[in-house]
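Position 185 (the sequence shown) corresponds to 1263 in my numbering; numbering is contiguous. Note that CB positions come from ideal geometry on N, CA and C, so glycine has one too. On a predicted model such as this, the values are computed, not experimentally measured, just so you know. Each remark here refers to the structure printed beneath this line.
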Amino acid sequence: MYDLIIIGSGPAGVAAAVYAARKHLKTVIIAEEIGGQSLVSDNIENWIGSPKVSGIDLAKAFAAHLEAVKGDKVTLATKERVISLTKGEGGFVAKTKSGKEFSARAVLVASGAGRKKLGIPGADRLENKGLTYCASCDGPLFSGMDVAVIGGGNAGFETALQLLAYAKSVTLLHRHKDFKADPVTVERARAHTNMHILAPTEPTEVLGEQFVNGLKYTNKESGEVKDLAVSGIFVEVGVNPNTDFLDGLVELDPIKRVKVDPHNQRTSVEGIWAAGDATDELYHQNNIAAGDGVKALEDIYLWIKKH
Ligand SMILES: Cc1cc2nc3c(=O)[nH]c(=O)nc-3n(C[C@H](O)[C@H](O)[C@H](O)COP(=O)(O)OP(=O)(O)OC[C@H]3O[C@@H](n4cnc5c(N)ncnc54)[C@H](O)[C@@H]3O)c2cc1C
């Protein structure tokens, strides 16, 4: 039996694991990979201490840090996906998709979030046939072409900036007039002459037979319906928390994020903490996830010593 199971190894899980190792807690980290969701990001420019780092290099740094501190206390169970978490004798049992079971007195949920799908006609049919959720993976395939980005948050504008390096034109569609993205990122994208913004607009259909050849959208002010001719569509409409395995165990908010006490990251169940994008934390960023992971671990350590 472990002292602690950490589910996930993005910034929240890795930060907590580093602290757990230094506090000699017998810990297992269960995760599909090390790095988390910004693995696909080309440029992260706000990870404190690094003016610029790619998602892949950040993940390598996480892995190196874990390797340096883990000693014989921290076990890595990567390429594993937790499918259920239940209360067991003296703690909790996590079961993985491959059939393994791990038990511990305490659990930190740091399972982050995954991409929200574009739920309009044509989107599923043409996924990976011109419609994609990963600019870093697929962007270069659209060199010299007209492409669209859907979403006006940081991820949408960062995707547009990546694509502007090689696409013929990038048109970003957003539901509202105001953007959620940082003004500095919006301005950087707007400075490109081949960057176009259509807002407030609502995409209504992905067009094309074998491959994407356009996008139908409605102008939300005039009600006008138009077709935009594009060969590629990059979707950045937000994320869904990875919390399915918690259903019925801890309290979740209406969009299935784990409700936590922001003072110490405790959930509604004693012995389970949560940190990062899987929680109802207002702001979702790497530094915040790492900080929440550390905050949780400090509290977990004191709790384990007391019990
Ligand atoms: C394209 C993109 C660009 C971004 N750019 C920035 C940026 O520039 N700066 C910034 O601060 N933030 C950025 N973000 C946001 C940032 O990536 C997140 O806030 C951060 O990754 C959250 O960290 P986390 O540890 O909570 O979860 P995640 O990073 O989502 O990590 C979750 C971990 O849990 C694992 N996992 C999930 N479900 C299970 C399961 N059932 N069983 C086992 N393991 C599981 C995953 O494999 C992963 O290891 C970006 C996000 C995206 C998508």
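CB contact flag (residue i, residue j, <8 Å)
i	j	result
Leu1186	Ala1374	yes
Ala1098	Leu1117	no
Asp1355	Pro1319	yes
Gln1240	Ala1191	no
Phe1170	Ile1350	yes
Glu1314	Ala1233	yes
Val1308	Gly1326	no
Ile1382	Asp1081	yes
Thr1249	Leu1219	no
Val1328	Thr1345	yes
Ala1094	Val1372	yes
Asp1305	Lys1298	no
Burial state of residue i, where buried means 16 or more other Cβ atoms lie within 10 Å
i	result
Ser1189	buried
Val1290	buried
Ser1119	buried
Leu1380	exposed
Gln1288	exposed
Ile1161	exposed
Ala1226	buried
Asn1391	No answer is possible for residue 1391: the residues shown for the chain start at 1079 and end at 1385.
Ser1210	One point to set straight first is that residue 1210 is Thr, not Ser, in the sequence displayed. Buried, by the Cβ-count rule.
Ile1112	buried
Leu1360	exposed
Val1262	exposed
Ile1126	exposed
Gly1310	buried
Ile1083	buried
Gly1217	buried
Ile1333	exposed
Arg1203	exposed
Val1303	exposed
Ala1353	buried
Thr1164	exposed
Asn1364	buried
His1362	buried
Pro1129	exposed
Pro1089	buried
Ala1142	exposed
Chain D contact for residue i (CB, 8 Å cutoff)
i	result
Asn1121	The chain inventory of the structure shown lacks chain D, comprising one protein chain alone.
Selected residue, minimal CA-CA separation from residue i, among the options
i	options	result
His1270	Ala1245, Val1171, Ile1378, Leu1360	Ala1245
Glu1092	Leu1154, His1102, Ile1134, Val1131	Per the sequence presented here, residue 1092 reads as Val, with Glu not at that position. With distances taken between Cα atoms, Val1092 lies closest to Leu1154.
Ser1087	Asn1297, Glu1158, Asp1358	Glu1158
Lys1151	Leu1209, Phe1257, Ile1107, Lys1298	Ile1107
Val1284	Gly1114, Ala1277, Phe1312	Phe1312
Asp1322	Gly1316, Gly1127, Arg1335	Arg1335
Ala1201	Ile1083, Ser1300, Thr1282, Asp1331	Thr1282
Asp1256	Val1171, Phe1235, Glu1236, Gly1230	Gly1230
Leu1196	Ile1085, Asp1339, Glu1110, Glu1280	Glu1280
His1252	Thr1296, Ile1085, Lys1194	Thr1296
Ser1132	Gly1208, Ser1247, Ser1214, Leu1163	Ser1214
Thr1357	His1254, Ser1247, Leu1330, Ala1109	Leu1330
Gly1390	Val1317, Gly1286, Pro1278	No answer is possible for residue 1390: it lies beyond the span of the chain, which begins at 1079 and ends at 1385.
Met1079	Pro1089, His1362, Gly1168	Gly1168
Met1223	Lys1175, Glu1299, Ser1247	Ser1247
Phe1235	Ile1378, Thr1105, Lys1178, Arg1268	Arg1268
Lys1104	Val1147, Leu1250, Asp1339	Val1147
Gly1259	Thr1237, Asn1272, His1274, Met1273	For the record, residue 1259 in the displayed sequence is Ala; it is not Gly. Nearest option by C-alpha distance: Thr1237.
Gln1343	Ala1172, Gly1286, Lys1173, Asp1377	Asp1377
His1385	Gly1177, Glu1348, Glu1123	Glu1348
Glu1110	Gly1177, Lys1294, Ile1085	Ile1085
Lys1175	Arg1193, Thr1156, Ala1090	Thr1156
Asp1193	Glu1265, Val1264, Lys1178, Ile1228	Per the sequence presented here, residue 1193 reads as Arg, with Asp not at that position. Considering only alpha carbons, the answer is Ile1228.
Lys1207	His1102, Lys1298, Ala1090, Gly1286	Gly1286
Arg1100	Lys1337, Gly1149, Arg1266	Gly1149
Leu1324	Ala1139, Glu1205, Ala1172	Ala1172
Gly1166	Ala1182, Pro1340, His1254	Ala1182
Phe1140	Val1096, Glu1123, Asn1124	Val1096
- Message: Which runs of the beta strand (DSSP E) at least 3 residues long sit entirely within the segment 1107–1173? Give them in chain order.
- Response: 1152–1156, 1160–1166
- Task: Tell me the start and end of each unbroken beta strand (DSSP E) in the segment 1273–1302 that is at least 3 residues and wholly inside, in chain order.
- Result: 1273–1276, 1279–1285, 1292–1297
- Task: For the segment 1191–1259, list the beta strand (DSSP E) runs that are entirely contained and at least 3 residues long, ordered along the chain.
- Result: 1191–1193, 1224–1228, 1247–1251
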